[in-house]
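Read in order, the letters of the sequence shown correspond to residues -24 to -1, 1 to 214 in mature numbering (1 follows the signal peptide of the UniProt record, and there is no 0). Note that beta-carbon positions come from the ideal geometry of N, C-alpha and C, so glycine has one too.
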Amino acid sequence: MRKQLASTLTLLFMFFFYFSTTLAQAPSPAPSGPTNITAILEKGGQFTTLIKLMKTTQEADQINTQLNNSNQGLTVFAPPDNAFANLKAGTLNSLTDQQKVQLVQFHIVPNFLSMSQFQTVSNPLRTQAGNSANGEFPLNVTTSGNQVNITTGVDQATVANTIYTDSQLAVYQVDQVLLPLDIFSSSSPAPAPSKPEKDITTKAPTGSSDDAAVDNSGAATTVISFGVVLIAAISLKL
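Encoded structure:
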């Protein structure tokens, strides 16, 4: 009898120990409220530059706040790191703080757009950067079958895939950074050209010193080769 009682108590102890351990290890329920935009992008694993821009301009906080206080939702176009890497060197550093804010805002549409809604959306799209009616921040969408193209008046991008979507927020990866006309048009103060471009415009038509160096090295190689052949010929005759 005592052995049975001891066995029963042991089993009960093991059951309660396992049950309490399981509860402690179980993940807590997801917090209620809007999804965090930077958490979504971080999960994507290739949006480091965009995340940094969103944080430094405080647009990440603005997006999360708007999601929490708006029933309309948001649509975010997210260029990956390689899209930023394809920009002219120094492009981001040449922008003022206000222009960086506008650049991030230009990638945000202040309402939720599903992929199917791109087929019937009215152009130009209004972004967080400002009213597009005056030509400062135009964003136009065209579709061809299931492909969605976005034009800004400066460049064109294609929606590559859907990163995240729910009833309030849609995040789409685009293959190019969307460059606002107001910042990057020829009539606007453009980023300073890189040094190689300045050198090309100021050099004489005869070519750069780099070209001369290449030519000289080629000539030297030819002379050395001729000398080697001549010595070899003399050796054979001897």
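CA nearest to the CA of residue i, picked from the options
i	options	result
Pro114	Asn58, Met30, Thr67, Leu157	Leu157
Asn99	Pro86, Leu89, Gln81, Thr118	Thr118
Phe102	Ile16, Gln81, Lys64	Sequence inspection shows Arg at residue 102; the Phe mentioned does not correspond to that position. Checked all of Ile16, Gln81, Lys64; the closest Cα to Arg102 is Gln81.
Ile126	Thr67, Ile159, Val52	Val52
Asn69	Thr32, Thr128, Leu89, Gly21	Thr32
Phe160	Gln38, Ser90, Leu63, Gly21	Leu63
Gln22	Met30, Asp37, Ala59	Ala59
Ile27	Leu89, Ala105, His83	His83
Distance CB(residue i)-CB(residue j) smaller than 9 Å
i	j	result
Thr11	Tyr148	no
Leu79	Val130	no
Val150	Ala54	yes
residue 230	Ile13	The structure shown does not extend to residue 230, since the chain is modelled only from -24 through 214, so no value can be given for it.
CA-to-CA distance, residue j to residue i, given in whole angstroms
i	j	result
Leu145	Gly49	5 Å
Ala133	Asn45	30 Å
Ile176	Lys76	With a pLDDT of 34 at Ile176, under the threshold of 50, the modelled position of this residue cannot be trusted; read the value that follows with caution. The straight-line gap from Cα to Cα measures roughly 30 Å.
Ser143	Ser108	26 Å
Thr67	Gln93	33 Å
Thr138	Thr72	31 Å
Glu35	Lys19	18 Å
Ala65	Thr25	14 Å
Met30	Ala136	21 Å
Thr198	Asn116	With a pLDDT of only 42 at Thr198, under 50, the local geometry of the prediction cannot be trusted, and no value is derived from it.
9 Å Cβ cutoff, residue i in contact with chain B
i	result
Ser108	This model lacks chain B altogether, as it is built from one protein chain only.
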